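Structure record follows, encoded as structure tokens.
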Amino acid sequence: MLVVELVIVLLAIFLGARLGGIGIGFAGGLGVLVLAMIGVK
652 MLVVELVIVL
662 LAIFLGARLG
672 GIGIGFAGGL
682 GVLVLAMIGV
692 K
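652 is the number of the first residue of the sequence shown in my numbering; add one for each residue after it.
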């Protein structure tokens with residue numbers, strides 16, 4: 652499970668870096684949403 656969570660976080664960081672600007676915030680929010688959906692405790 653830790654590996655899955657780490658991959659999600661890294662993908663969100665990569666996506667935010669590619670988008671730049673306000674995209675960083677959106678990618679961070681998307682990462683948090685996905686982590687919440689898979690059940691991080």
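From the three backbone atoms N, C-alpha and C, an ideal C-beta is built for every residue, glycine too.
Predicted model only: the values in this text are computed from it and were never measured.
Quick check: what's the CA-CA separation for residue i versus residue j?
i, j, result
"G682", "A663", "5 Å"
"G672", "V655", "26 Å"
"G674", "L661", "15 Å"
"L666", "G680", "11 Å"
"I689", "R669", "24 Å"
Can you round the beta-carbon distance between residue i and residue j to whole angstroms, since I take them to be within the 8 Å contact cut?
i, j, result
"I659", "L684", "Between L684 and I659 the Cβ distance is about 10 Å, and since that is not below 8 Å, they are no contact."
Buried or exposed: residue i, going by 16 or more other Cβ atoms within 10 Å of its Cβ?
i, result
"A678", "buried"
"G710", "Examination of residue 710 is not possible in this model, given that the chain is present from 652 through 692 alone."
Locate the alpha helix (DSSP H) running through residue i, then write down its first and last residues.
i, result
"G690", "Here G690 belongs to no alpha helix (DSSP H), and DSSP marks it neither H nor E."
"G667", "L653 to L670"
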